[in-house]
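Protein chains in written order, with the working numbering: chain A, 1 to 114; chain B, 1 to 113. Ideal Cβ positions, reconstructed from N, Cα and C, are used throughout, including at glycine. Just so you know, these numbers come straight off a predicted model, no measurement behind them. Report on the following structure.
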């Protein structure tokens, strides 16, 4: 089944403890992206990647890191999480490098930073 | 700055009626506009895309209009069903300065049986 898989589904952590949220897609998509969703603010882009080893900042990149060593994986790293990073996170991918039309989303990771 | 506005209030309609959701935007020239459906606790699911040179698009019970002069899109669900109850997100895409899709906050739709 074609899908974008995120793990974990739920995560509770404490301030300053490094964490990684994994994202994997099995559709051979070149474009991948991370979003956070907060009530009343909609989805905001954190980072995106046009292809392997190519990443770029979105609208809210502060406090986050990403890497794209393989085409299928695009992990999101929080080196020192803070409470304002408590949010619902979504990974998404798209079929072509030239457009992010028709984004395919994962099921989300609900992160709570205490 | 770029801004997308969707009905902030939830929309309640009776089964069988047509639901109409609005998406307005400012300070943006999108190449295309998308609509997604999001169920509680799930990721958004793509529904329709309409390009800047298109006025209307249909897919089964769904219809989208796109008016670049008014900077507005309308999303219609005809013969609505309780299963259509969800949050609907409007998204704008552009190829200017890289590929970016920006999202509205969504409108919650409730269809009563």
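Cutoff 7 Å: residue i Cβ touching any chain A Cβ
i                      : result
residue 21 of chain B  : no
residue 74 of chain B  : no
residue 44 of chain B  : yes
residue 105 of chain B : yes
residue 92 of chain B  : no
Min CB distance residue i to chain B below 7 Å
i                      : result
residue 30 of chain A  : no
residue 1 of chain A   : no
residue 53 of chain A  : no
residue 106 of chain A : yes
residue 90 of chain A  : yes
residue 43 of chain A  : yes
residue 16 of chain A  : no
residue 101 of chain A : yes
Contact under 7 Å by Cβ, residue i with residue j
i                      : j                      : result
residue 31 of chain B  : residue 94 of chain B  : yes
residue 63 of chain A  : residue 43 of chain B  : no
residue 25 of chain B  : residue 4 of chain B   : yes
residue 66 of chain A  : residue 85 of chain A  : no
residue 83 of chain A  : residue 13 of chain A  : no
residue 50 of chain B  : residue 62 of chain B  : no
residue 4 of chain A   : residue 104 of chain A : yes
residue 107 of chain B : residue 7 of chain B   : yes
residue 91 of chain B  : residue 103 of chain B : yes
residue 48 of chain B  : residue 64 of chain B  : yes
residue 89 of chain A  : residue 36 of chain A  : yes
residue 87 of chain A  : residue 32 of chain A  : no
Enclosing beta strand (DSSP E) for residue i [first to last residue]
i                     : result
residue 27 of chain B : No beta strand (DSSP E) contains residue 27 of chain B, which DSSP labels as neither H nor E.
residue 29 of chain A : Premise fails: residue 29 of chain A is in no beta strand (DSSP E) and is neither H nor E.
residue 81 of chain B : Per DSSP, residue 81 of chain B belongs to no beta strand (DSSP E) and is neither H nor E.
residue 14 of chain B : 11–14
residue 56 of chain B : 56–59
residue 63 of chain B : 62–67
residue 89 of chain A : 87–94
residue 72 of chain A : Run containing residue 72 of chain A: none; DSSP gives neither H nor E here.
residue 56 of chain A : 54–57
residue 49 of chain A : 42–51
residue 7 of chain A  : 4–7
residue 17 of chain B : Neither: residue 17 of chain B is in no beta strand (DSSP E) and is coded neither H nor E.
Unbroken beta strand (DSSP E) runs of length 3 or more, entirely within the region 29–54 of chain B: which are they?
-> 32–38 and 45–51
When the Cβ atoms of the region 13–29 of chain A are set against those of the region 7–17 of chain B, are three or more pairs found closer than 8 Å?
-> no
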